[in-house]
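Numbering (our numbering), first residue to last: 18 to 155.
Structural data, given as structure tokens:
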């Protein structure tokens with residue numbers, strides 16, 4: 018979670034650069050976040066573009082799996098080598114970007130990534146992953 022100063026700096030940067038279509042919400046509770054996520058046009062996922070090791074590339078944030086079920090397309094700012102790319106490609110739920118040009122391209126062409134078929138993401142659901150884990154430890 019960002020400090021108040023970091024949050025204020027980000028808000029100032031958005032204003033100074035004229036990003037009028039970006040809405041930065043104040044820190045809030047989980048229920049408000051869920052409601053905003055449901056109504057979002059795009060879901061943003063941030064990961065380091067400079068992983069410290071190859072093992073960092075295999076760390077998948079829980080937010081990725083949470084966001085798969087929402088209708089909005091997912092834009093992940095991360096390395097091309099990240100496992101996030103593999104999951105987004107497989108589920109057709111979003112794309113990754115490493116450059117400003119890739120971000121702009123996604124913002125202009127993201128309709129193909131909206132959730133259309135829940136079956137394509139079912140294998141990543143908590144229920145399905147739990148069932149696989151139970152089978153593994155039996």
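By construction, the Cβ of each residue, glycine as well, lies at the ideal position given by its N, Cα and C atoms.
*asked:* Applying the 10 Å Cβ sphere with the 16-neighbour rule, what's the burial state of residue 27?
replied: On the chain shown, position 10 is the one that residue 27 refers to. Taking all protein chains in view, the Cβ of residue 27 is surrounded by fewer than 16 other Cβ atoms within 10 Å, so the residue is classified as exposed.
- With a CB to CB cut of under 6 angstroms and the five nearest residues on each side skipped, what residues in its chain are close to residue 61? Counting from one through the chain shown, the residue named residue 61 turns up at place 44. Only 92 meet the Cβ criterion.
Can you check the region 56-95 for any beta strand (DSSP E) of at least 3 residues that lies completely inside it and give the ranges in chain order?
60-63, 91-94, all fully within the region 56-95.
* Asked: Which residues share a DSSP beta bridge with residue 114?
  -> The residue labelled residue 114 in the question sits at position 97 within the chain shown. Residue 114 pairs with 94.
For the alpha helix (DSSP H) that contains residue 32, what are its first and last residues? Position 15 of the chain shown, counting from 1, holds the residue named residue 32. From DSSP, the alpha helix (DSSP H) with residue 32 extends over 21-33.
For residue 110 and residue 130, which I take to be in contact (beta-carbon distance under 8 angstroms), what is that distance rounded to the nearest angstrom?
What you label residue 110 is simply residue 93 of the chain shown in a count that begins at 1. What you label residue 130 is simply residue 113 of the chain shown in a count that begins at 1. Contact annotation, residue 110 with residue 130: C-beta distance approximately 6 angstroms; criterion of less than 8 angstroms satisfied.
Compare the C-alpha of residue 50 against each of 32, 38, 84 and name the closest.
Stepping through the chain shown from its first residue, residue 50 is reached at position 33. Among 32, 38, 84, the Cα nearest to that of residue 50 belongs to 84.
Inset, instruction - Just confirm the distance between the C-beta atoms of residue 113 and residue 105, as a whole number of angstroms; I'd bet it's less than 8 angstroms. - result: Here residue 113 is taken as the residue at index 96 of the chain shown, counted from 1. Here residue 105 is taken as the residue at index 88 of the chain shown, counted from 1. Contact between residue 113 and residue 105 holds, since their C-beta atoms are separated by about 6 angstroms, short of 8 angstroms.
CB residue 135 to CB residue 108, shorter than 7 angstroms?
-> On the chain shown, residue 135 is found 118 positions in, with the first residue counted as 1. On the chain shown, residue 108 is found 91 positions in, with the first residue counted as 1. With contacts defined as CB atoms closer than 7 angstroms, residue 135 and residue 108 fail to qualify as a contacting pair.
Beta carbon of residue 89 nearer than 7 angstroms to that of residue 58
Looking up residue 89 in the chain shown gives position 72. Looking up residue 58 in the chain shown gives position 41. Their beta carbons are under 7 angstroms apart, which means residue 89 touches residue 58 by this criterion.
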